[in-house]
Amino acid sequence: MRQYRAIELANIINAVFFSQKNDIQNVFIDEIVFDTRLPINKPSTAIFFALKGLQDGHLFIDDAYNKGIRNFCIKDKKYIKKYENANFFIVDNTLDALQNWAKYHRKQFNIPIVAITGSNGKTIVKEWLAISLANKFEVAKNPRSYNSQIGLPYSILQLESKHQIGIFEVGISQPHEMDKLADIIKPDTVIFTNIGPAHQQYFKNISEKIKEKLKLAINAKKLIVCSDYDQIIKEARSLSINLITWYKIYR
380 MRQYRAIELA
390 NIINAVFFSQ
400 KNDIQNVFID
410 EIVFDTRLPI
420 NKPSTAIFFA
430 LKGLQDGHLF
440 IDDAYNKGIR
450 NFCIKDKKYI
460 KKYENANFFI
470 VDNTLDALQN
480 WAKYHRKQFN
490 IPIVAITGSN
500 GKTIVKEWLA
510 ISLANKFEVA
520 KNPRSYNSQI
530 GLPYSILQLE
540 SKHQIGIFEV
550 GISQPHEMDK
560 LADIIKPDTV
570 IFTNIGPAHQ
580 QYFKNISEKI
590 KEKLKLAINA
600 KKLIVCSDYD
610 QIIKEARSLS
620 INLITWYKIY
630 R
């Protein structure tokens, strides 16, 4: 990922920046960590985001510090004096900070972006497209299935100047989740793989879930959908978009 100066990042994510280093102009960040169980390539220039999931990420600051990380995006100021030679970005919401950073980063790239959504098949379509295009283009894509409120911004932040096209899967599980993700990725083309029962318990009906996923395509130029899914096509026709359908041949 691109290297950011700490002062620059603080402005982007609207953070109050505290540093125990004298030369803060030479504090650089080029790796994001939100799970200390995963490998950390460059701890000295990594930043740990204390995100709240099943557990509060602030509980793992110790672990991140012991693994060499010295940059932390946190909400609670009480940790500032506990760790020597460290830098802290204090924000109201660490997830919002990560997403705002990704939104800013995305705007720096004027390349085609393909977004893939749907109940199933997002990862395999993403990987197939990436492999198919890799002989001609430098392709950026999500690591593994990083397509969530955390995973997508993390993936977008891996965009570099060498990339010529981005192919990203985008996943949601509840209403209103697509609003932020669509605002971050701003795709040119959207592929809607299918619609099925996944996460249906959080939606009133299938139509509501389709509409939520279609938010990804509101400002896109093209939407690609299999013609087998009448409900998706019906809802998609309300968008001002070039709707491209394909069909299966059954033998």
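Quick note on numbering: the numbering used here labels position 74 of the sequence shown as 453, and the sequence is numbered without any gaps.
All C-beta atoms in this analysis are idealised placements derived from N, C-alpha and C, irrespective of residue type, glycine included.
Bear in mind that the values here come from a model prediction, so they are computed numbers and not experimental data.
Residue i (DSSP reduced to helix, strand or coil)
{"i": "Ile559", "result": "Per the sequence shown, residue 559 should be read as Lys rather than Ile. Three-state result, Lys559: helix."}
{"i": "Ser527", "result": "coil"}
{"i": "Phe413", "result": "coil"}
{"i": "Leu538", "result": "coil"}
{"i": "Ile574", "result": "coil"}
{"i": "Ile546", "result": "strand"}
{"i": "Ala385", "result": "helix"}
{"i": "Val470", "result": "coil"}
{"i": "Ser552", "result": "coil"}
{"i": "Ile453", "result": "strand"}
{"i": "Ser398", "result": "strand"}
Expected contact under 8 Å - CB spacing of residue i and residue j to nearest Å
{"i": "Leu388", "j": "Phe428", "result": "That belief does not hold up - the Cβ atoms of Leu388 and Phe428 are roughly 11 Å apart, past 8 Å."}
{"i": "Lys520", "j": "Thr572", "result": "That belief does not hold up - the Cβ atoms of Lys520 and Thr572 are roughly 15 Å apart, past 8 Å."}
{"i": "Lys565", "j": "Asn598", "result": "7 Å"}
{"i": "Lys505", "j": "Ile546", "result": "5 Å"}
{"i": "Gly436", "j": "Thr473", "result": "7 Å"}
{"i": "Ile426", "j": "Phe451", "result": "7 Å"}
{"i": "Ile544", "j": "Phe516", "result": "5 Å"}
{"i": "Leu595", "j": "Leu618", "result": "Not a contact, Cβ separation roughly 11 Å."}
{"i": "Ile453", "j": "Phe467", "result": "6 Å"}
{"i": "Ile603", "j": "Thr568", "result": "7 Å"}
{"i": "Lys627", "j": "Asp607", "result": "7 Å"}
{"i": "Phe611", "j": "Ile551", "result": "It should be noted that the sequence gives Ile, not Phe, for residue 611. Going by Cβ atoms, the distance from Ile611 to Ile551 rounds to 15 Å, so no, they are not a contact pair."}
{"i": "Tyr383", "j": "Phe407", "result": "7 Å"}
{"i": "Ile403", "j": "Trp480", "result": "Contact doesn't hold; Cβ gap of about 18 Å is too wide."}
{"i": "Val470", "j": "Ala394", "result": "5 Å"}
{"i": "Ile535", "j": "Ile570", "result": "The pair is not a contact, with the Cβ atoms about 17 Å apart (cut-off 8 Å)."}
N-terminal and C-terminal residue of the alpha helix (DSSP H) that residue i is part of
{"i": "Leu477", "result": "473 to 485"}
{"i": "Asp607", "result": "It is not in any alpha helix (DSSP H) - Asp607 carries neither H nor E in the DSSP assignment."}
{"i": "Lys592", "result": "585 to 593"}
{"i": "Ala443", "result": "440 to 445"}
For residue i: DSSP bridge partner residues
{"i": "Asp435", "result": "Lys431"}
{"i": "Ala425", "result": "Glu410"}
{"i": "Thr502", "result": "Answer is none; Thr502 lacks a bridge partner."}
For residue i, the first and last residue of its enclosing beta strand (DSSP E)
{"i": "Ala494", "result": "492 to 496"}
{"i": "Thr624", "result": "621 to 625"}
{"i": "Ala599", "result": "Careful: Ala599 lies outside any beta strand (DSSP E) and carries neither H nor E."}
{"i": "Val518", "result": "518 to 520"}
Classification of residue i by the beta-carbon crowding that lies within 10 angstroms, buried from 16 upward
{"i": "Leu433", "result": "exposed"}
{"i": "Val531", "result": "This sequence places Leu at residue 531; Val is not what is there. Answer is buried; the Cβ neighbour count reaches 16."}
{"i": "Arg523", "result": "exposed"}
{"i": "Asn584", "result": "exposed"}
{"i": "Gly447", "result": "exposed"}
{"i": "Ile386", "result": "exposed"}
{"i": "Lys588", "result": "buried"}
heavy atom of the ligand PLP below 7 Å from residue i C-beta
{"i": "Tyr608", "result": "Looking for the ligand PLP in the displayed structure turns up nothing, as the structure carries no ligands at all."}
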